[in-house]
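**Student:**
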Amino acid sequence: MAADGGTARDALLALRGAEGIELLDGFSEEEMDGWPVPVPEAVRAVLREVGGVRADDEEHEFGPRRLSSSSFAGGHWEIGSYLATEHTVYVAVGAPGAADWGPVLAVRQFDDPEAVVEATCYLDWLHALAVRLADPEADGPPGRPAATVAAVPSTAAADGPDTELAALVGAGEPLADVADLRGLPALPCRIDFEPYYTFAHNTADTGSSELQFEMLGGGRALLVRSIVSGDFLGRPVRRRTVPADAPRRAVAELRALAAEHPAFVVLEPGCADAELDAWPVPVPEDVRVVLREIGAVAVAGLPALRLLPGDGAPGVDPELHRMLGGDGSYWPIAEVAYGRHRALAQVRIDPDSGEWGYAVSVPAEAGSLQEYPELTLLGESLADLLLTVARVARAAAGAADFARAAAAATGWFFPNTGEAWILPEPVADWAGSADPLAAQAAALPAGSFAGDLRAAPAPGDLCFHRADDWPYRARLDRLVFLGAGRVAAAVPVEPTD
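Residue 2 is where the sequence shown starts when you use the working numbering, and the numbers rise one by one after that.
1. Among the candidates R249, A180 and M324, whose CA atom is the shortest distance from the CA of E375?
2. So Y123 is in the alpha helix (DSSP H); what residue range does that whole segment cover?
3. Is it buried or exposed, R183, if we count other Cβ atoms within 10 angstroms and call 16 or more buried?
4. Hey, which unbroken runs of the alpha helix (DSSP H) at 4 residues or more fall wholly within the stretch 243-286?
5. Put P427 into one of helix, strand or coil per three-state DSSP.
6. Could you tell me which residues DSSP pairs with T418 in its beta bridges?
7. Comparing the C-beta of F265 with each C-beta of chain D, is any distance below 8 Å?
8. Given A301, which residues of its chain have a CB within under 7 Å of its CB, disregarding the five upstream and five downstream residues?
9. By Cβ distance below 7 Å, which residues in the same chain neighbour Y339 in space, the five residues on each side in sequence not counted?
10. Could you give the uninterrupted runs of the alpha helix (DSSP H) lying entirely in the stretch 129-192, keeping only those of 4 residues or more?
11. Mapping the DSSP letters down to three states, classify D498 as helix, strand or coil.
12. Given this structure, state the Cα-to-Cα distance separating A96 from V90, to the nearest angstrom.
13. Any idea which residues DSSP pairs S362 with across the strands?
14. Would H128 be called buried (16 or more neighbouring beta carbons within 10 Å of its own) or exposed?
15. Please go through the same chain and pick out, in chain order, the residues whose beta-carbon is closer than 8 Å to the beta-carbon of E320, but skip the five residues on each side of it.
16. Give me the Cα-Cα distance between G6 and R45, rounded to the nearest whole angstrom.
17. In angstroms, rounded to a whole number, what distance separates the CA positions of D140 and R133?
18. Nearest by alpha-carbon distance to E31: which of E211, G161, R49 and V488 is it?
19. By how many angstroms is the C-alpha of L370 removed from the C-alpha of A457?
20. Evaluate L14 with the Cβ neighbour count: other Cβ atoms within 10 Å of its Cβ, from every protein chain shown; 16 or more gives buried, anything less gives exposed.
21. Give me the DSSP bridge partner(s) of P333.
22. Considering only C-alpha positions, which residue in the set F63, A19 and I22 is nearest to S29?
23. Name, in chain order, the residues that DSSP records as bridge partners for G452.
24. Check the DSSP bridge columns for D462 and list the partner residues they point to.
25. If we ignore side chains and look at the alpha-carbon of each, how far apart do L68 and E211 end up?
26. Between the alpha carbons of S209 and P196, how many angstroms are there, rounded?
27. Which residues in the same chain have their Cβ closer than 6 Å to the Cβ of S71, if we skip the five residues on either side of it in sequence?
28. Does DSSP put W357 in a helix, a strand or coil?
29. On the three-pair Cβ rule with 8 Å, is the stretch 341-361 touching the stretch 482-496?
30. In terms of DSSP beta bridges, what is I228 paired with?
31. Can you list, in chain order, the residues of its chain whose CB lies under 6 Å from that of A9, leaving out five sequence neighbours each side?
32. If you draw a straight line from the alpha carbon of A19 to that of A135, how long is it in whole angstroms?
33. What does the alpha-carbon distance come out to for the pair P285 and E495?
34. So for F403, helix, strand or coil by DSSP?
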């Protein structure tokens with residue numbers, strides 16, 4: 002039977018005076034009223050009397066005694082730790098009208114990360130805590146899981162049949178998984194997940210990646226987010242699904258933003274089909290849907306996107322132009338400043354089919370690219386990139402400083418600024434592949450490296466010079482983009498005797 006506030010309170014108070022156990026003072030009504038989340042009456046019945054428990058191998062504080070009330074962010078409150086196992090304990094809070102908090106989760110973020118749901122209700126967990134601490138022979142938590150529930154990519158949940166879960170995750174995040182915490186088969190229940198990053202390769206600052214845990218919907222679901230910093234991805238991602246009508250949606254959303262926030266979002270008109278027909282590259286219909294309506298996008302804090310040729314269009318150094326594949330292989334859309342350096346954002350074009358594919362950014366100085374071959378994936382298409390820009394602008398519109406908020410969310414326009422790195426592989430490793438693009442890459446000159454951007458998040462960095470076997474001080478001859486940018490390869494200058 003589930004505990005109520007009275008039984009949980011009485012069980013905890015029974016520990017008063019027990020050897021090695023300290024009960025912390027409770028909270029006043031005024032204190033609890035000042036918390037940024039609702040505190041149900043049954044929970045108040047406990048917290049009025051007991052504000053926490055300290056024992057030999059665990060410490061629990063049931064309110065923001067030492068930390069600020071912002072600790073309630075992320076849909077949960079940290080209520081202590083198990084020192085012996087290095088688990089932090091969280092309880093979901095904030096569900097409107099709920100009679101209790103919960104569920105309660107024990108999380109270990111480092112060294113074999115783990116998440117275990119210990120109780121579905123806070124009061125149940127408090128009662129079990131008191132019972133266990135009263136028994137010197139009791140095993141400490143987290144106990145051996147009785148069941149396991151698998152987390153799934155949040156982007157898959159966004160497209161899935163569970164409309165409630167889809168509403169909680171929104172569009173989803175490429176580097177985040179989500180687990181449904183309703184109707185768990187048994188307790189304690191382990192959440193099966195895997196970080197997206199790996200420490201198995203030599204990277205510039207291995208060890209700085211981490212996990213973040215967020216309770217959604219007042220404990221309806223758990224989001225496990227991989228914050229990848231300076232490490233290679235350890236497994237492929239599932240990106241957000243780009244809607245079939247992405248070009249139309251991008252135009253509509255950018256127009257709406259320009260109408261609502263004219264000081265921060267400015268659009269320039271597109272051009273007629275007759276002009277597009279005269280371009281030096283073929284312009285498919287999905288791209289025309291955008292270019293007929295929008296010729297440039299200027300969002301405060303972001304690089305200006307110039308989609309049409311002519312005045313204001315990005316210039317390209319002749320040597321860089323050669324290294325990128327020459328005429329017909331890409332369409333430049335923005336010059337990006339990063340300190341004293343520049344990058345060139347572009348949409349890759351398949352010279353054979355005329356398809357406009359992935360949007361990428363590469364260093365704009367030929368010498369820099371030759372010495373440090375690298376790129377950043379910006380989106381699966383021009384429309385996908387524009388939808389991302391629109392999402393950033395929509396979020397920035399709610400901030401105090403629009404331009405600063407937008408800039409902070411899009412440092413990835415310049416390569417190698419800390420986004421998740423794709424591990425470059427020698428093309429020789431792809432020999433015999435049944436995948437057509439991998440097989441094409443394998444046919445490149447010996448010593449070339451490639452990265453499959455289909456398995457990458459957007460944004461995501463591909464830094465060839467960070468590959469373990471990239472020759473020391475090797476110079477890049479050219480970048481090769483296969484399948485309109487789906488696979489990118491670096492071909493080094495052939496060594497001379």
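Every residue, glycine too, gets a C-beta built ideally from N, C-alpha and C.
Since the model is a prediction, treat every value here as computed from it, not as a measurement.
**Tutor:** On the basis of the supplied data:
1. Of the listed residues, the one whose Cα sits closest to E375 is M324.
2. Judged by DSSP secondary structure, Y123 falls within the alpha helix (DSSP H) whose first and last residues are Y123 to A135.
3. Within 10 angstroms of the beta-carbon of R183 lie fewer than 16 other beta-carbons, which makes it exposed.
4. Unbroken alpha helix (DSSP H) stretches of 4 residues or longer found wholly inside the stretch 243-286: 247-261 and 274-278, given in chain order.
5. Per DSSP, reduced to three states, the secondary structure at P427 is strand.
6. Bridge partners of T418: none, in fact.
7. No chain D appears in this structure, which consists of one protein chain only.
8. Counting only Cβ-Cβ distances below 7 Å, and skipping sequence neighbours, we find F265, F403, A404 and A407.
9. Close CB contacts of Y339 within its chain, under the 7 Å cut and outside five residues either way in sequence, are with F415 (chain order).
10. You should have 155-160 and 164-170.
11. For D498, the predicted model reports a pLDDT of 48, less than 50, meaning its position is unreliable; a value from the coordinates is still stated below. For D498, the three-state secondary structure derived from DSSP is coil.
12. If I take the Cα positions, the gap works out to 18 Å.
13. In the DSSP output, where bridge partners are listed per residue, S362 has A346 and T377.
14. Buried is the label assigned to H128, since at least 16 other Cβ atoms lie within 10 Å of its Cβ.
15. Only A367 meet the Cβ criterion.
16. G6 and R45 have their C-alpha atoms some 8 Å from each other.
17. In this structure, the CA atom of D140 is about 8 Å from the CA atom of R133.
18. Ranking E211, G161, R49 and V488 by Cα distance to E31 puts R49 first.
19. When only Cα atoms are considered, A457 and L370 end up about 21 Å apart.
20. If you draw a 10 Å sphere on the C-beta of L14, you find fewer than 16 other C-beta atoms in it, and that means exposed.
21. Q347.
22. Each of F63, A19 and I22 was checked against the Cα of S29, and the nearest Cα belongs to F63.
23. Beta-bridge pairing links G452 to A489.
24. Bridge partners of D462: T377 and W422.
25. At L68, the pLDDT of 49 sits below 50, so the modelled position is not reliable and the matter cannot be decided from this model.
26. Whole-angstrom Cα-Cα distance: 13 Å.
27. Note on S71: pLDDT 48, under 50, position unreliable in the model; no value is reported.
28. Of the three classes helix, strand and coil, the one that applies to W357 here is strand, per DSSP.
29. Touching, per the Cβ criterion.
30. For I228, which the question treats as bridged, DSSP gives the partners E211.
31. Answer for A9: V47, L124, L127 and H128, listed in chain order.
32. So the two alpha carbons sit approximately 8 Å from each other.
33. Going by the C-alpha atoms only, they are around 36 Å apart.
34. In the displayed model, F403 falls within a helix according to three-state DSSP.
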